[in-house]
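K.L.:
Pasting in a structure now, in structure tokens, and then I'll have a few things to ask.
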Ligand SMILES: [Mg+2]
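In full-length UniProt numbering, the protein residues as written are 1 to 362.
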């Protein structure tokens with residue numbers, strides 16, 4: 001890669017929580033291990049080992065379903081303190097090479113190594129060294145993607161797992177992107193993917209055949225983003241850790257939903273609150289404000305918030321207030337998106353006015 005081109009690495013630990021459990025408990029090695037909720041209660045899979053993935057088990061699947069697919073799987077409750085400690089170790093390794101580290105979660109980060117502290121000219125060399133040092137320090141494997149922007153580096157790290165190292169040069173990018181299934185593109189969720197498929201767009205090559213104008217007709221501003229991504233253009237810089245202000249989850253519905261369908265609305269919001277709670281637990285944060293987000297069928301956005309005297313982490317607390325907020329909104333109208341966000345974050349057990357700077361690990 002020439003000097004004017006950026007060198008971006010995306011590193012992603014392999015089956016992070018499950019690999020840590022297998023490392024610390026040798027009797028779990030080579031077995032289908034599921035880290036997450038109890039299958040007898042309403043839990044979900046946080047991460048599972050590669051042995052469990054062979055049974056079609058994946059993250060966010062209800063534990064009950066996972067149990068049906070693999071009754072001899074071993075369910076292990078998560079130990080977030082241990083995962084956070086390992087996360088600190090790997091982030092330290094990243095910072096040995098560059099200060100331009102952008103963590104996406106406990107086990108995943110972007111690094112800009114264009115100018116790294118050891119003046120190593122080859123980003124591939126840096127990635128190989130980092131993988132090696134992570135293994136020596138933690139006995140865990142990571143997969144790395146190396147490229148000239150964030151979007152392609154992330155796709156590259158996902159290309160070969162576990163213990164992979166994939167390099168995509170500017171020369172290789174267009175072939176790689178053309179062969180990519182549409183749902184792999186950044187910003188394409190379930191709903192957008194089916195929208196593309198309705199129009200006969202299944203791969204990057206199909207996407208590339210559309211004009212920017214046509215894409216904007218279909219997806220407004222996001223259309224231009226897809227137009228650029230499929231051409232390998234992504235100028236977003238690697239943003240070093242920033243203060244995290246909120247944690248939120250939202251879902252675009254396959255079809256507009258009437259707010260009068262109270263049970264269904266609550267079912268979706270419960271699911272979202274559960275995900276928000278899980279994220280807070282991972283980050284060891286609690287919140288004081290809960291926000292209900294609705295996008296009406298005419299695309300108008302509405303938010304309603306409640307701030308509580310006590311900081312909370314539990315989904316039950318969120319849901320209690322979301323119910324109130326929903327009652328204030330009333331049963332009229334149809335929505336196309338529902339979201340739950342919490343803000344005014346603080347470290348657990350630390351009073352707000354003494355809260356240390358909250359570094360983003362999400
Ligand atoms: Mg991972």
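Just so you know, even glycine gets a beta-carbon here, dropped at the ideal spot from N, CA and C.
Taking residue 365 as part of the beta strand (DSSP E), name the residues at either end of that continuous run.
P.N.:
For residue 365 there is no data in the structure shown, the boundaries of the chain being 1 and 362.
K.L.:
For residue 240, which residues does DSSP report across the bridge?
P.N.:
For the purposes of this step, residue 240 is identified with residue 240 of the chain shown, where counting begins at 1. Per DSSP, none; premise fails for residue 240.
K.L.:
Please determine, among 111, 187 and 305, the residue with the shortest C-alpha to C-alpha distance to residue 157.
P.N.:
Working through the chain shown from its first residue, we reach residue 157 at position 157. The shortest C-alpha separation from residue 157 is found at 111.
K.L.:
Is DSSP giving residue 46 helix, strand or coil here?
P.N.:
Position 46 of the chain shown, counting from 1, holds the residue named residue 46. Three-state result, residue 46: strand.
K.L.:
Going by DSSP in three states, residue 251 sits in which element: helix, strand or coil?
P.N.:
Indexing the chain shown from 1 puts residue 251 at position 251. Three-state result, residue 251: strand.
K.L.:
Just how far apart, CA to CA, sit residue 88 and residue 299?
P.N.:
On the chain shown, residue 88 is found 88 positions in, with the first residue counted as 1. On the chain shown, residue 299 is found 299 positions in, with the first residue counted as 1. Each residue's Cα considered, the two are about 41 Å apart.
K.L.:
Distance check for residue 338 and residue 390, CA to CA, integer angstroms please.
P.N.:
Since the first residue of the chain shown is 1 and the last is 362, residue 390 is not available in this structure.
K.L.:
Ignoring anything shorter than 3 residues, give me the beta strand (DSSP E) runs that lie fully in the stretch 22-74, in order along the chain.
P.N.:
33-36 and 45-48
K.L.:
Output the distance between the C-alpha atoms of residue 224 and residue 150, rounded to the nearest integer angstrom.
P.N.:
The count along the chain shown starts at 1 and reaches residue 224 at position 224. The count along the chain shown starts at 1 and reaches residue 150 at position 150. If I take the Cα positions, the gap works out to 17 Å.
K.L.:
Applying the 10 Å Cβ sphere with the 16-neighbour rule, what's the burial state of residue 15?
P.N.:
Here the question's residue 15 lines up with position 15 in the chain shown. The residue in question, residue 15, is buried, as its Cβ has 16 or more Cβ neighbours within 10 Å.
K.L.:
Express the C-alpha separation of residue 11 and residue 129 in angstroms, rounding to a whole number.
P.N.:
Residue 129 sits at position 129 when you count from the first residue of the chain shown. Residue 11 sits at position 11 when you count from the first residue of the chain shown. Whole-angstrom Cα-Cα distance: 12 Å.
K.L.:
Could you say which of 65, 114, 134 and 280 lies nearest to residue 91 if we only look at CA atoms?
P.N.:
As a working mapping, residue 91 is identified with position 91 in the chain shown. Residue 134 is the option with its Cα nearest to residue 91.
K.L.:
Using a Cβ-based criterion (distance less than 7 Å to any ligand heavy atom), does residue 16 qualify as near ligand 1?
P.N.:
If you number the chain shown from 1, residue 16 lands on position 16. Residue 16 has its CB nearer than 7 Å to a heavy atom of ligand 1.
K.L.:
With burial defined as no fewer than 16 other Cβ atoms inside 10 Å of the residue's Cβ, what is the status of residue 4: buried or exposed?
P.N.:
Residue numbering aside, residue 4 sits at position 4 when the chain shown is read from its first letter. Exposed: under 16 other Cβ atoms inside 10 Å.
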